[in-house]
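Chemist: Residue numbers (the numbering used here): 17 to 138.
For every residue, glycine included, the Cβ atom is placed at its ideal position computed from N, Cα and C.
This structure is a prediction, so every number in the text was calculated from the model and none was measured.
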């Protein structure tokens, strides 16, 4: 089975924060949805392709573009098709340490996704 025949779902948790990644293949392209916390929502969208730099839409007062741009930049380098990354993570009364932990979870999910992409497209 190739990566294009299946979707990928990954979850990581630390403390009171859980982040879930869903990667959906659309033919040769990839849509990545990252959600978490108490109120998943749409905070930012980044899109890219091998031929085009990352473009981002940031919704007012949302900071998820840090996550979407990190994913899009990395996936642009390792994935052969168009990529869209959507993210919304909300944790009530989040602390600075929890923000750092959330970003670490996202980096771990990105690493796991890239490993799966390499494994499934062999």
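1. Assuming residue 68 is part of the beta strand (DSSP E), what are its boundary residues?
2. Flag this pair as touching only if the segment 47-63 and the segment 88-107 have three or more C-beta atom pairs under 8 Å; answer yes or no.
3. With residue 35 and residue 52 assumed to form a contact (beta carbons below 8 Å), what rounded beta-carbon distance in angstroms separates them?
4. So, with DSSP's three-state summary, where would you put residue 53?
5. Could you please give the first and the last residue of the uninterrupted alpha helix (DSSP H) stretch that includes residue 118?
6. I believe residue 121 touches residue 33 by the beta-carbon criterion, under 8 Å. Please report the beta-carbon distance rounded to the nearest angstrom.
7. Go ahead and pull the three-state DSSP assignment for residue 27.
8. Pull up the distance between the alpha-carbon of residue 68 and that of residue 83, whole angstroms please.
9. Residue 32 lies in the alpha helix (DSSP H); which residues open and close that run?
10. For residue 55 versus residue 106, is the C-beta spacing smaller than 8 Å?
11. List the residues that DSSP assigns as beta-bridge partners of residue 95.
Modeler: Judging by the given coordinates:
1. Taking the first residue of the chain shown as position 1, residue 68 is located at position 52. It spans 68-74 - the beta strand (DSSP E) in which residue 68 sits, taken as one unbroken run.
2. yes
3. Taking the chain shown and counting its residues from 1, one reaches residue 35 at position 19. Taking the chain shown and counting its residues from 1, one reaches residue 52 at position 36. About 4 Å; that satisfies the 8 Å criterion.
4. For the purposes of this step, residue 53 is taken as residue 37 along the chain shown, with counting starting at 1. The answer is strand: DSSP assigns residue 53 an E or B state.
5. Here residue 118 refers to the residue found at position 102 of the chain shown. Counting along the chain, the alpha helix (DSSP H) containing residue 118 begins and ends at 112-136.
6. The count along the chain shown starts at 1 and reaches residue 121 at position 105. The count along the chain shown starts at 1 and reaches residue 33 at position 17. The pair is a contact, with the Cβ atoms about 7 Å apart (cut-off 8 Å).
7. Against the chain shown, residue 27 aligns to sequence position 11. If DSSP states are grouped into helix, strand and coil, residue 27 belongs with the strands.
8. To locate residue 68, count along the chain shown from 1; it is residue 52. To locate residue 83, count along the chain shown from 1; it is residue 67. Using only the alpha carbons, I get a separation of about 19 Å.
9. Position 16 of the chain shown holds residue 32. Where residue 32 is concerned, there is no enclosing alpha helix (DSSP H), given that its DSSP letter is neither H nor E.
10. Here residue 55 refers to the residue found at position 39 when the chain shown is read from its first residue. Here residue 106 refers to the residue found at position 90 when the chain shown is read from its first residue. Cβ distance < 8 Å, so residue 55 and residue 106 count as in contact.
11. Residue numbering aside, residue 95 sits at position 79 when the chain shown is read from its first letter. According to DSSP, residue 95 bridges with nothing at all.
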